[in-house]
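Engineer: Following this message is one structure expressed as structure tokens.
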Amino acid sequence: MKHWRIEQMNWERFDPQRVDPDIVPLVKAASVVERNGLDYARYLKNVFADDPAFQQAVDNWADEEVQHGDALGRWAMLADPAWDYMAAFERYRQSYRLELDVAASIRGSRTGELIARCMVETGTSSFYTALGDATDEPVLKAICRQIAADEYRHFKLFYDHMNRYLRRERLGVWQRARIALGRVTESEDDELASAYHTTNDPVGLPYDHQRCIAAYMSRALRFYQPRHAARVTGMILKTIGWTPHGRLHALIARVLYRLLMMRQRRFARVMTTV
């Protein structure tokens, strides 16, 4: 069951004077990725075809993901009245497609698949938290807080099922770490770059992965603060089986924040050359 509904948001509070033009492209891109949750649900239900409890959980998860996309898309159309959310989503669907007709996880095991999903929810929960903290526009701030809370619950959903499968498949800490870190590095793949292209570039402009991922990442990473890196670190450590507290957590969080800022600067430099 959804924990909130779009119509419950106070849309009349939208304040165009408080819209950050650097945030609008991120919201547009995020809206179509979120709405594509139904395809991810189909993929997961194929991987977990004999697990009806998990399949039901995936259906509920996908409903919330679609709502995230619709809320973000509605806000983006307020921020940019010339933009068409559903038309952009259709372009995205034509540009980026998942391999859906599978019988097993591309991660090598069901535990591995759930670890990867935990990493996705870690990224989205931290992203919407950072975006909500950064924006002064009241409606977007409220939307981001709702979505961030949903994404953290989704993390817990996949984490709980991961532990259930871990008892059968017994992946070690280093195996889990390899899968988790591998999924984190996939943030630079075509999913986000294609989403940026189909929601922000003029129709007909050729897709350039390097330009689009740099345009997305140089904006998105700018809004991260040390506390957001600490949140990411704790969720990653929890997923791979390490205690997400203490000196190790603090050290890794500091290193992670520095790496994020280095990446942001690298992507910003790319934008000056394309």
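The working numbering puts the first residue of the sequence shown at 1360, with every later residue one more than the last.
Ideal placement from N, C-alpha and C gives every residue a C-beta, glycine not left out.
Checking 8 Å against the spacing of the C-beta atoms, do residue 1474 and residue 1598 come in under that value?
Structural biologist: Yes, the pair counts as a contact, with Cβ atoms nearer than the cut-off.
Engineer: Could you work out which residue in 1604, 1424, 1574, 1562 is closest to residue 1640 when comparing CA atoms only?
Structural biologist: Outside the shown range of the chain, which is 1360 to 1633, sits residue 1640, and nothing can be said about it.
Engineer: What three-state label does DSSP hand residue 1361 in the structure shown?
Structural biologist: coil
Engineer: Answer yes if the segment 1526 to 1545 comes into contact with the segment 1465 to 1473, meaning at least three C-beta pairs across the two stretches below 8 Å, and no otherwise.
Structural biologist: At 8 Å Cβ cutoff, the stretches touch.
Engineer: Closer than 8 Å by C-beta to residue 1385: which residues in its own chain qualify, once you throw out the five before and the five after it? Chain order, please.
Structural biologist: 1490, 1575, 1578, 1579
Engineer: Which residue wins for smallest C-alpha separation from residue 1611, given the options 1567, 1407, 1582, 1593?
Structural biologist: Nearest neighbour of residue 1611 by Cα position, chosen from 1567, 1407, 1582, 1593, turns out to be 1593.
Engineer: Taking only beta-carbon positions, decide if residue 1566 is within less than 8 Å of chain D.
Structural biologist: Of the chains in the structure shown, none is chain D; there is only one protein chain.
Engineer: Once you ignore the five residues that flank residue 1514 on each side, which residues in its own chain have a CB closer than 8 Å to its CB?
Structural biologist: Only 1477, 1480, 1481, 1484, 1594 meet the Cβ criterion.
Engineer: Determine the DSSP secondary structure at residue 1551, reduced to helix, strand or coil.
Structural biologist: Assigned with DSSP and collapsed to three states, residue 1551 falls in helix.
Engineer: Below 8 Å CB to CB, which residues in the same chain sit around residue 1388 once its five sequence neighbours on both sides are set aside?
Structural biologist: 1551, 1554, 1555, 1558, 1559, 1575
Engineer: Taking the alpha helix (DSSP H) that residue 1310 belongs to, which residues open and close that run?
Structural biologist: The requested residue 1310 is not part of the displayed model; the chain covers only 1360 to 1633.
Engineer: Would a C-beta distance cut-off of 8 Å place residue 1458 and residue 1464 closer than the cut-off?
Structural biologist: No; because the gap between Cβ atoms is not below 8 Å, this pair is not in contact.
Engineer: If you compare alpha carbons, which of 1366, 1405, 1412, 1449 is closest to residue 1390?
Structural biologist: Just measuring C-alpha positions, the residue of 1366, 1405, 1412, 1449 sitting nearest residue 1390 is 1449.
Engineer: Of the choices 1364, 1404, 1613, whose alpha-carbon is the least far from that of residue 1417?
Structural biologist: The shortest CA-to-CA distance from residue 1417 to any of 1364, 1404, 1613 is the one to 1404.
Engineer: Are residue 1488 and residue 1590 close, meaning C-beta to C-beta below 8 Å?
Structural biologist: yes
Engineer: Do the CB positions of residue 1400 and residue 1421 come within less than 8 Å of each other?
Structural biologist: yes
Engineer: Please confirm whether residue 1397 and residue 1378 have their CB atoms less than 8 Å apart.
Structural biologist: no
Engineer: Going along the chain, which unbroken runs of the alpha helix (DSSP H) with 4 or more residues stay wholly within the segment 1553 to 1615?
Structural biologist: 1568 to 1579, 1585 to 1599
Engineer: Can you name, in chain order, every residue of its own chain whose Cβ lies under 8 Å from the Cβ of residue 1365, other than the five neighbours on each side?
Structural biologist: 1426, 1429, 1430, 1433
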